[in-house]
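S.K.: Residue numbers for the sequence shown follow the working numbering, beginning at 13 and rising by one.
Don't be surprised by glycine CBs; every beta carbon is placed ideally from N, CA and C.
Note that the coordinates shown come from a computational prediction; the quantities given were computed from them, not determined experimentally.
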Amino acid sequence: METIKCVLIGDSGVGKSALIHTYVKNGFRRGYIPGKLEDGVHETIAKGLNNKRYILQIQDTEGKSVFDLVRPFDYADANVFLICFSIVSPASFKNVELKWIRELIIHCPKIPFILVGTKFDLIHNPGILKNLEKTGQKP
13 METIKCVLIG
23 DSGVGKSALI
33 HTYVKNGFRR
43 GYIPGKLEDG
53 VHETIAKGLN
63 NKRYILQIQD
73 TEGKSVFDLV
83 RPFDYADANV
93 FLICFSIVSP
103 ASFKNVELKW
113 IRELIIHCPK
123 IPFILVGTKF
133 DLIHNPGILK
143 NLEKTGQKP
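(1) Starting from the Cα of S24, find the closest Cα among Q149, K64 and K111 and give me that residue.
(2) Flag this pair as yes or no: are the beta carbons of C96 and V53 separated by less than 8 Å?
(3) Tell me whether F40 sits in a helix, a strand or coil according to DSSP, three-state version.
(4) Could you tell me which of I21, T15 and D89 sits nearest to S104, measuring between CA atoms?
(5) For L134 and E55, I'd like the C-alpha separation in whole angstroms.
(6) With a threshold of 16 other CB atoms inside 10 Å of the CB of K131, please say whether the residue is buried or exposed.
(7) May I have the straight-line CA-CA distance separating N62 from Q69, to the nearest angstrom?
(8) I'd like to confirm the pairing. Which residues does DSSP put opposite L127 in its beta bridges?
(9) Sorted by chain position, which residues of the same chain lie with C-beta nearer than 8 Å to V36's C-beta, five sequence neighbours on each side aside?
(10) Do M13 and I153 count as a contact pair if the criterion is CB distance below 8 Å?
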């Protein structure tokens, strides 16, 4: 069975690990646990076109800049990237262009990527809206 490696990248705290946990465990994990999931790599069986089955290898990565030099090692053999940003964090969206796309152009220029907005469930959260409003921002 063919393996497809999908690597999630994006700023720390945007929900990469939660997205993986929700997909792999079929449920949402409450609370933020910084860093990678237990082992960082998860495999599952996925169906593609014409019901062809694949091994989907999902790779979590660290988003903090202290990992900028080692994170590209996680990119080896990647077939696709998910660039994640939080829709309630304009800074994380800005970093898609300023950091993440640039990093992929340097290390994996021919590998496709998909842009993923996370935390849609928080778009109407009064506390988040109030904090964004203080700095003149909106989700």
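M.R.: In short:
(1) Across the set Q149, K64 and K111, the C-alpha of K111 shows the shortest separation from the C-alpha of S24.
(2) no
(3) coil
(4) I21
(5) 29 Å
(6) buried
(7) 20 Å
(8) DSSP lists I95 as partners of L127.
(9) H54, T56 and I70
(10) Any answer about residue 153 is impossible in this case: the structure gives the chain only from 13 up to 151.
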